[in-house]
Every structure is written in C-alpha cells, then in structure tokens.
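Heads up: the sequence shown begins at 40 in the working numbering, then just goes up one per residue. Each remark here refers to the structure printed beneath this line.
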Amino acid sequence: MDAAEDPVAVVACLLDEPWDRRWNSLEVAGVDLVSIYTRMEGCTYTWITNGGSLHERGMATVRFISDEIERVLPELAEHDSVHVWHRLHRMAQLMVAHNNAPVEASS
Numbered sequence: 040m041d042a043a044e045d046p047v048a049v050v051a052c053l054l055d056e057p058w059d060r061r062w063n064s065l066e067v068a069g070v071d072l073v074s075i076y077t078r079m080e081g082c083t084y085t086w087i088t089n090g091g092s093l094h095e096r097g098m099a100t101v102r103f104i105s106d107e108i109e110r111v112l113p114e115l116a117e118h119d120s121v122h123v124w125h126r127l128h129r130m131a132q133l134m135v136a137h138n139n140a141p142v143e144a145s146s
C-alpha cells in the first residue's frame, strides 16, 4: 500500500469479491470458512461505513479472524481459492493497523 493511499479505500477495493457457492461447505483445519468470510465481511462493511473506525469488540473479531486465516492458509489447496483468503487476511491486517477507535460518548 502506498503511503498516500487511504486505507479505507484500499480495504473497500479488496472487499469486492463475488461469493462462490463452492465455499458453502469449505472447512479447513477445523475452521468453517463460511463463518470467517461472513463475519469478516460484516466487520469490514461496518469499518468502511464508519470511515475506518470499529469498536473494540469488532476489532477483537477482526484479530481473531486474522489469526484463524493464518492458521488455515498453509492447509488450503489452490482449488480452495487461496487468493480470496489472502485478500481477507490483508483486509484484516489493514483494519487492525489503521483502525480509528470510536470516541466514547460521555454523559
């Protein structure tokens, strides 16, 4: 990523991947990749919508997903669309590195 590039814009570009029905039953190393993909997509959408900001619980989910993907990547075969899972991992890394924690409302 070029230093001049906006991380939110980069992640938004990486998000654009069509769903492949073959992934519906894809489980690798005990990890249900459908769940990982769906949870990551939700966190990413929220992060982008909030201009690069996600609350701590959401970021904990992103870090968990990143760890799960790291565990799964060496086990994937080419026909498992390895590029998709590398892309999701990159998105998680960018979100963790560039998250702007939301300001807590005070009363």
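Quick reminder that beta carbons are idealized off the backbone N, C-alpha and C, glycines included.
Report back the beta-carbon spacing between residue i and residue j to the nearest angstrom; my notes put them in contact at under 8 Å.
i      : j      : result
Gly91  : Pro141 : Not really, about 10 Å apart at Cβ, beyond 8 Å.
Glu50  : Glu114 : Before going further, note that residue 50 is Val rather than Glu in the sequence given. So it is not a contact: roughly 25 Å between Cβ atoms.
Ile104 : Arg78  : 6 Å
With 16 other CB atoms within 10 Å as the buried threshold, where does residue i fall?
i      : result
Glu109 : exposed
Gly81  : exposed
Ala42  : Only weak support exists for where Ala42 lies, its pLDDT of 43 falling under 50; the value from the coordinates is given anyway. Burial call: exposed.
Asn179 : The chain is shown from 40 up to 146; residue 179 falls before or after that span and cannot be answered.
Trp124 : buried
Val101 : buried
Glu107 : buried
Leu139 : The sequence shown places Asn at residue 139, not Leu. So Asn139 ends up on the exposed side.
Val135 : exposed
Identify the residues that DSSP records as bridge partners of residue i: which are they?
i     : result
Asp70 : Asp is not the amino acid found at residue 70; the sequence shown has Val there. BP columns for Val70 point to Val67.
- prompt: Would you say the stretch 114–124 touches the stretch 87–103, given that touching needs at least three Cβ pairs under 8 Å?
  reply: no
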